[in-house]
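For reference, the structure discussed in these notes is given below.
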Amino acid sequence: MALPKRKHSKARRDKSRTHWKLVMPSLTKCPQCAAPILSHRVCPKCGHYRGRHVVVIREKKKAKSS
Numbered sequence: 008m009a010l011p012k013r014k015h016s017k018a019r020r021d022k023s024r025t026h027w028k029l030v031m032p033s034l035t036k037c038p039q040c041a042a043p044i045l046s047h048r049v050c051p052k053c054g055h056y057r058g059r060h061v062v063v064i065r066e067k068k069k070a071k072s073s
């Protein structure tokens, strides 16, 4: 296996890492309920996708308070 003759400098190491970053997902508004959703996915709030009702969303049960 080949080994490097010299150590790579910190600047050279850091230059290669310039593209290692987190990217915020681009959110759009659901045309039905105006909730923020990811593009090309079913709305988790109302279950619509491209103007059609695709998924039935059940309401969450509320916890009993004593």
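Numbers in my numbering are just positions in the sequence shown, counted from 1, shifted up by 7.
A virtual CB, placed ideally from N, CA and C, is assigned to each residue, including glycine.
Thinking residue i and residue j are a contact (beta carbons under 8 Å), I'd like their distance in whole angstroms, please.
i     : j     : result
Val49 : Val62 : 5 Å
Expressed to the nearest angstrom, what Euclidean distance is found between the alpha-carbon atoms of residue i and residue j?
i     : j     : result
Leu10 : Ala18 : 20 Å
Arg20 : Arg57 : 45 Å
Cys37 : Ser23 : 38 Å
Lys67 : Leu45 : 22 Å
Taking residue i as the reference, give the member of the options with the closest Cα.
i     : options                    : result
Gln39 : Ala70, Ser33, Gly54, Asp21 : Gly54
Arg65 : Arg57, Asp21, Lys52        : Lys52
Arg59 : His47, Ala70, Lys69        : His47
Unbroken stretches of the beta strand (DSSP E), 3 residues or longer, contained in the region 12 to 62: 34 to 36, 43 to 45
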